[in-house]
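Enquirer: Sharing a structure with you now.
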Ligand code: FPP
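Numbering (this note's numbering), first residue to last: 7 to 253.
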């Protein structure tokens with residue numbers, strides 16, 4: 007169902023879900039409560055995105071740098087992601103949601119990897135919104151892995167160096183086959199990309215909003231989409247009507 011109030015809906019929205027800790031601190035609660043509330047915001051965001059006709063929603067769930075957080079918080083975040091997949095997979099599948107996971111899948115310990123793979127496998131044939139979960143993800147790590155794969159192709163003689171094009175690089179990224187994000191949104195007022203989709207966001211609109219992630223309701227999402235709709239995207243070209251040099 008698309009929302010008649012919204013025009014110019016982005017095909018792909020990528021979100022840096024920031025501010026769970028501050029949300030909890032400001033209420034005198036442990037940080038873990040902020041992450042818990044954050045999962046509820048994830049559910050609402052997926053629902054809203056599907057409702058308004060967004061085709062891809064990418065969520066930065068755990069960065070390759072997040073391992074440096076205290077062990078208890080890392081294990082809490084793992085637990086929440088696992089619980090989300092265990093509890094919500096059937097529901098997401100029923101909603102025709104396709105799940106893709108980006109990030110480094112090697113060297114993951116415990117049962118997180120089998121769960122992520124199960125989520126991808128179960129929903130592979132779905133044709134609704136694609137929920138891209140960025141887990142153990144860092145853009146520089148992703149690009150390094152892609153460069154290594156290309157270097158191997160060259161070393162094995164499948165490719166010459168001058169056949170390396172932006173399209174070939176993109177095809178080796180974790181996001182291969184996923185269109186670049188039209189909108190990259192970060193909550194909590196921080197204005198950084200934090201190693202998120204650096205290649206893919208080359209022409210994305212960036213939007214930094216003050217709300218903390220647990221407060222990211224349907225209304226907040228719709229307001230952000232309205233702001234996006236008012237932006238003019240030029241992809242390095244000129245705005246319309248075309249302004250000729252010297253005119
Ligand atoms: C940033 O808040 C948020 C995270 C590091 C993790 C986001 C994870 C979830 C919302 C839960 C699991 C995800 C899914 C897809 C079910 P922060 O802790 O950095 O907040 P702060 O900057 O206020 O300290």
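Yeah, the Cβ is synthetic: ideal placement off N, Cα and C, and Gly gets one too. Since the model is a prediction, treat every value here as computed from it, not as a measurement.
Work out the CA separation of residue 186 and residue 205 for me, nearest whole Å.
Expert: Answer to the nearest angstrom: the Cα atoms are 9 Å apart.
Enquirer: First and last residue of the alpha helix (DSSP H) that includes residue 194?
Expert: Premise fails: residue 194 is in no alpha helix (DSSP H) and is neither H nor E.
Enquirer: Any heavy atom of the ligand FPP closer than 7 Å to the CB of residue 45?
Expert: Flag set: Cβ of residue 45 near the ligand FPP.
Enquirer: Under 7 Å Cβ to Cβ from residue 28, same chain only, skipping five residues before and after it: list those, please.
Expert: Excluding sequence neighbours, residue 28 sits near 194, 218.
Enquirer: Starting from the Cα of residue 21, find the closest Cα among 47, 151, 58, 78 and give me that residue.
Expert: Closest option to residue 21, Cα to Cα, is 47.
Enquirer: Based on the DSSP output, what are the partners of residue 104 in its beta bridges?
Expert: For residue 104, which the question treats as bridged, DSSP gives the partners 136.
Enquirer: For residue 209, which residues of its own chain have a beta-carbon under 6 Å away from its beta-carbon, when the five flanking residues on both sides are left out?
Expert: The answer, listed in chain order, is 241.
Enquirer: CB-CB under 6 Å to residue 19, same chain, minus the five flanking residues each way: which ones, in chain order?
Expert: The residues are 60, 63, 189.
Enquirer: Any contact between the segment 29-41 and the segment 81-91? By contact I mean 3 or more CB pairs, one from each, below 8 Å.
Expert: Touching, yes, given that three or more Cβ pairs across the two stretches are closer than 8 Å.
Enquirer: Helix, strand or coil for residue 67? Go by DSSP, reduced to three states.
Expert: It is a strand residue.
Enquirer: What's the C-alpha gap between residue 120 and residue 157?
Expert: If you take the alpha carbons of residue 120 and residue 157, they lie about 29 Å apart.
Enquirer: How close, in whole Å, do the beta carbons of residue 54 and residue 224 come, if the pair is a contact with beta carbons under 8 Å?
Expert: Confirmed, about 5 Å.
Enquirer: Of the choices 26, 58, 25, 45, whose alpha-carbon is the least far from that of residue 229?
Expert: Among 26, 58, 25, 45, the Cα nearest to that of residue 229 is on 58.
Enquirer: Terminal residues of the continuous beta strand (DSSP E) containing residue 20?
Expert: Note, residue 20: beta strand (DSSP E), 18-22.
Enquirer: I want to check one thing, is the minimum distance from the CB of residue 23 to the heavy atoms of the ligand FPP below 7 Å?
Expert: Yes, Cβ of residue 23 sits closer than 7 Å to a heavy atom of the ligand FPP.
Enquirer: Distance, Cα to Cα, residue 200 vs residue 151?
Expert: So the two alpha carbons sit approximately 18 Å from each other.
Enquirer: Kindly indicate the opening and closing residues of the alpha helix (DSSP H) around residue 238.
Expert: First-last for residue 238: undefined, no H or E at that position.
Enquirer: Measure the alpha-carbon distance for residue 131 versus residue 101 and round it to whole angstroms.
Expert: Between residue 131 and residue 101, the C-alpha separation is close to 12 Å.
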